[in-house]
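To keep things clear, I will list the structure first and then write my remarks on it.
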Amino acid sequence: MARPRTHDLDQLLDVAERLVADHGPERFTVRALAAASGVSNGAIYHAFGSLPVLLGRLWLRAAREFLDLQVELVEAVRGDGHDAAVDAVVAAAGAPAVFADRRPAAARMLIAVRRDQLLGPEVPQELAEAMLSLDRQLVELLKRLARGLWGRADGPGVEVVTLCVVDLPTAVFRRALTQPPPGGRPVITADRRARLDAAVRGVLTVPPPPPAPRTDSSGDA
Numbered sequence: 001m002a003r004p005r006t007h008d009l010d011q012l013l014d015v016a017e018r019l020v021a022d023h024g025p026e027r028f029t030v031r032a033l034a035a036a037s038g039v040s041n042g043a044i045y046h047a048f049g050s051l052p053v054l055l056g057r058l059w060l061r062a063a064r065e066f067l068d069l070q071v072e073l074v075e076a077v078r079g080d081g082h083d084a085a086v087d088a089v090v091a092a093a094g095a096p097a098v099f100a101d102r103r104p105a106a107a108r109m110l111i112a113v114r115r116d117q118l119l120g121p122e123v124p125q126e127l128a129e130a131m132l133s134l135d136r137q138l139v140e141l142l143k144r145l146a147r148g149l150w151g152r153a154d155g156p157g158v159e160v161v162t163l164c165v166v167d168l169p170t171a172v173f174r175r176a177l178t179q180p181p182p183g184g185r186p187v188i189t190a191d192r193r194a195r196l197d198a199a200v201r202g203v204l205t206v207p208p209p210p211p212a213p214r215t216d217s218s219g220d221a
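Residue 178 in the UniProt record's numbering is what sits at position 178 of the sequence shown, and the numbering runs on without skipping anything.
See the structure below:
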């Protein structure tokens with residue numbers, strides 16, 4: 001049986017993305033994907049090997065695109081100093097709304113599927129490492145934003161940036177991403193985006209607490 005071409009795989013993943021976004025990962029099956037895509041079960045298994053690998057590839061594709069967009073939005077901020085650093089965090093926080101405009105099914109799928117749901121014994125080491133590598137890239141972005149704000153990238157600083165870039169957008173946009181109108185395209189209003197902007201700027205008016213003092217584990221006085 002011939003392996004689908006790369007372009008065909010992307011189209012297949014597009015269909016899978018919509019199915020997971022609409023019905024959740026628990027109800028996603030190879031049979032459902034075959035019915036929706038017109039690609040046989042055998043060809044799907046030949047291309048991906050197993051359902052966990054397919055879901056992992058699906059999540060990784062969307063997560064990479066999202067992180068690339070987040071970096072793009074941060075780098076589009078011009079200027080130096082604290083105000084520009086705050087604008088960069090606001091841009092990163094608003095990335096889910098921009099991603100939902102560009103890739104609505106992918107944005108909804110990323111809300112529906114957590115990476116830790118996908119890491120299991122059936123996921124090849126190469127795929128698991130790619131997911132963890134993406135995590136490390138996100139941490140580097142968070143550290144970069146923290147350094148721009150406060151000249152430090154310690155735990156408390158990165159935690160405040162994480163609140164702004166991960167926790168607040170998830171809370172503000174979750175309803176729109178999980179309960180889209182008919183047609184599946186989320187509508188994240190200008191009001192929601194403006195309120196997230198205000199919330200992030202408000203959080204950043206309070207500097208992070210000082211880092212925890214380092215302890216000397218060598219036993220020397």
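Ideal Cβ placement from N, Cα and C applies to all residues, glycine included. This structure is a prediction, so every number in the text was calculated from the model and none was measured.
- For residue 148, the uninterrupted alpha helix (DSSP H) segment begins and ends at 125 to 150.
- Following the DSSP letters along the chain, one finds residue 17 inside the alpha helix (DSSP H) bounded by residues 6 to 23.
- Considered as a whole, the region 48 to 134 harbours 51 to 75, 81 to 93, 95 to 102, 104 to 112, 115 to 118 as its complete alpha helix (DSSP H) runs of no fewer than 4 residues, in chain order.
- Your pair residue 56 and residue 123 checks out as a contact, with CB atoms roughly 5 Å apart and the cut at 8 Å.
- Considering only 115, 188, 21, 94, the residue with the shortest C-alpha distance to residue 168 is 94.
- Counting the other CB atoms within 10 Å of its CB gives residue 108 a total of 16 or more, which places it among the buried residues.
- Remark: C-beta atoms of residue 138 and residue 158 do not approach each other more closely than 8 Å.
- Non-local beta-carbon contacts of residue 84 in its own chain, meaning distances under 8 Å to residues more than five positions away in sequence, involve 77, 78, 148 in chain order.
- Around the beta-carbon of residue 86, 16 or more other beta-carbon atoms lie within 10 Å, marking it buried.
- Annotation for residue 155: the continuous alpha helix (DSSP H) segment containing it runs 155 to 162.
- For residue 191, the uninterrupted alpha helix (DSSP H) run begins and ends at 190 to 203, by DSSP.
- According to the DSSP assignment, residue 37 belongs to the alpha helix (DSSP H) that extends over 30 to 37.
- Nearest neighbour of residue 23 by Cα position, chosen from 112, 209, 46, 67, turns out to be 112.
- Note that the C-beta distance between residue 211 and residue 155 is below 8 Å.
- Around residue 172, the same chain offers 192, 195, 196, 199 as residues with beta carbons nearer than 8 Å, after the five sequence neighbours per side are excluded.
- In the structure shown, residue 174 adopts helical secondary structure according to DSSP, grouped into three states.
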